[in-house]
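Before any comments, here is the structure.
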Amino acid sequence: MSQHVRGVVARAKGDPVRVETIVVPDPGPGEAVVKVQACGVCHTDLHYREGGINDDFPFLLGHEAAGVVEQVGPGVTDVQPGDFVVLNWRAVCGHCRACRRGRPQYCFDTHNARQKMTLTDGTELTPALGIGAFAEKTLVAAGQCTKVDPAASPAAAGLLGCGVMAGFGAAVNTGGVGRGDSIAVIGCGGVGMAGIAGAKVAGASKIIAVDVDERKLKWAERFGATDTVDSSKTDAVEAVRSLTGGFGADVVIEAVGRPETYRQAFYARDLAGTVVLVGVPTPRMKLELPLLDVFGRGGALKSSWYGDCLPSRDFPMLVDLYLQGRLDLDAFVSETITLDEVEDAFARMHKGDVLRSVVIL
Numbered sequence: 001m002s003q004h005v006r007g008v009v010a011r012a013k014g015d016p017v018r019v020e021t022i023v024v025p026d027p028g029p030g031e032a033v034v035k036v037q038a039c040g041v042c043h044t045d046l047h048y049r050e051g052g053i054n055d056d057f058p059f060l061l062g063h064e065a066a067g068v069v070e071q072v073g074p075g076v077t078d079v080q081p082g083d084f085v086v087l088n089w090r091a092v093c094g095h096c097r098a099c100r101r102g103r104p105q106y107c108f109d110t111h112n113a114r115q116k117m118t119l120t121d122g123t124e125l126t127p128a129l130g131i132g133a134f135a136e137k138t139l140v141a142a143g144q145c146t147k148v149d150p151a152a153s154p155a156a157a158g159l160l161g162c163g164v165m166a167g168f169g170a171a172v173n174t175g176g177v178g179r180g181d182s183i184a185v186i187g188c189g190g191v192g193m194a195g196i197a198g199a200k201v202a203g204a205s206k207i208i209a210v211d212v213d214e215r216k217l218k219w220a221e222r223f224g225a226t227d228t229v230d231s232s233k234t235d236a237v238e239a240v241r242s243l244t245g246g247f248g249a250d251v252v253i254e255a256v257g258r259p260e261t262y263r264q265a266f267y268a269r270d271l272a273g274t275v276v277l278v279g280v281p282t283p284r285m286k287l288e289l290p291l292l293d294v295f296g297r298g299g300a301l302k303s304s305w306y307g308d309c310l311p312s313r314d315f316p317m318l319v320d321l322y323l324q325g326r327l328d329l330d331a332f333v334s335e336t337i338t339l340d341e342v343e344d345a346f347a348r349m350h351k352g353d354v355l356r357s358v359v360i361l
């Protein structure tokens with residue numbers, strides 16, 4: 001039978017979110033119902049509320065989540081009731097041209113649950129990133145459930161579902177940061193901090209944090225930054241070059257998503273270095289670079305979508321690093337809140353007062 005639970009819904013563009021009763025159906029073939037234990041408040045959820053993703057209101061928000069599988073539908077074998085899982089928004093298909101080439105992290109046909117969760121009047125909900133985890137329970141495709149070590153804190157593990165994986169993967173998977181490399185991270189929000197943490201785990205020798213907020217630069221040191229640059233007071237490109245012997249960093253991560261910071265990243269890298277764009281731009285933004293500079297500087301200009309991750313491979317590994325004390329996921333959790341406090345958490349996030357607020361259920 002379907003279940004009635006509480007969930008955070010965005011009804012219309014810009015309207016404050018509110019907690020409403022959500023109807024969660026029994027899982028169908030290839031689906032699972034997950035009892036949510038924790039869910040991070042991500043900028044993407046705010047983008048949904050503001051109509052920045054699409055206009056498919058009403059939205060059931062929340063996607064950075066961990067919880068326990070409660071029910072599975074027919075044909076599900078990879079997870080079973082009682083499994084502790086982190087939810088992901090890229091359930092790979094196994095059949096597209098990327099999957100057939102052995103590159104499932106680039107799957108071109110990822111999927112979500114086929115059934116819809118609804119309001120009590122039957123109005124269908126659009127779950128954020130196909131998850132909708134600001135709710136006591138949610139319905140997802142079973143492939144969106146990645147089983148991890150249950151010894152991990154749900155509040156910490158859930159953050160792997162989006163921001164931490166995006167930043168960590170941008171450094172390690174997309175940027176290929178390795179031992180002895182230098183890296184600069186422009187933009188020290190949650191994703192940028194995860195890039196810094198990833199670079200530390202990978203053995204980078206020089207990790208430069210760049211931001212305009214002194215508080216974030218202080219936080220960056222906790223995650224592994226060896227140097228900080230306040231780009232509101234100094235030229236970021238010149239500062240990064242100065243800190244790398246005049247050459248520029250081997251890898252520069254742009255975690256803001258703006259043309260001006262991308263240009264900084266482009267010119268702050270060494271010859272044959274790599275730029276990784278993980279910050280999300282808006283549709284109207286344009287980038288202009290001298291084509292001769294693109295040619296003459298060589299190297300690689302990459303975009304990182306979800307940290308080029310394969311959840312089944314990367315989530316358990318990062319949880320193991322966390323349990324070994326090598327990746328401080330707890331440091332990303334600025335505060336824990338309830339479902340009723342999500343709207344206030346959006347305001348704190350928008351002001352830059354927190355890295356992550358985490359809803360505990």
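Heads up: the sequence shown begins at 1 in the UniProt record's numbering, then just goes up one per residue. Ideal placement from N, C-alpha and C gives every residue a C-beta, glycine not left out.
Item	Value
Going by Cα to Cα distance, which pick from F134, F247 and Y106 is closest to G67?	F134
Using DSSP bridges, identify the partner residues of Q71.	V33
Quick check: T123 and G7, are their CB atoms within less than 9 Å of each other?	no
Would you decide whether Q12 is buried or exposed? Buried here means 16 or more other CB atoms lie within 10 Å of its CB.	Sequence inspection shows Ala at residue 12; the Gln mentioned does not correspond to that position. Answer is exposed; the Cβ neighbour count stays below 16.
Is the beta carbon of C145 less than 9 Å from the beta carbon of V5?	no
At the level of alpha carbons, what is the spacing between V72 and A141?	9 Å
Could you name each continuous alpha helix (DSSP H) segment of 4 residues or more that falls completely within the segment 205-291, going from the start of the chain to the end?	214-223, 236-243 and 259-268
Are the segment 211-220 and the segment 169-178 touching by the rule of at least three beta carbon pairs closer than 8 Å?	no
Could you check how far apart the C-beta atoms of R258 and P283 are, in whole angstroms? I think they sit under 8 Å.	Between P283 and R258 the Cβ distance is about 13 Å, and since that is not below 8 Å, they are no contact.
State yes or no: is the C-beta of A38 within less than 9 Å of the C-beta of A155?	yes
How many whole angstroms separate the CB atoms of D308 and G190, which I take to be in contact at a CB cut-off of 8 Å?	In fact, because the Cβ distance is near 18 Å, the residues do not count as touching under 8 Å.
Is the beta carbon of E254 closer than 9 Å to that of A186?	Here the sequence assigns Ile to residue 186, which means Ala is not the residue at that position. Yes, these two residues count as a Cβ contact at 9 Å.
Let me make sure I understand the geometry here. Which of G30, A32 and H63 has the alpha-carbon closest to that of L46?	H63
Short of 6 Å in beta carbon distance, which residues of its chain neighbour G28, apart from the five on each side in sequence? Order them along the chain.	G73 and Q115
Specify the secondary structure class of G7 as computed by DSSP and reduced to three states.	strand
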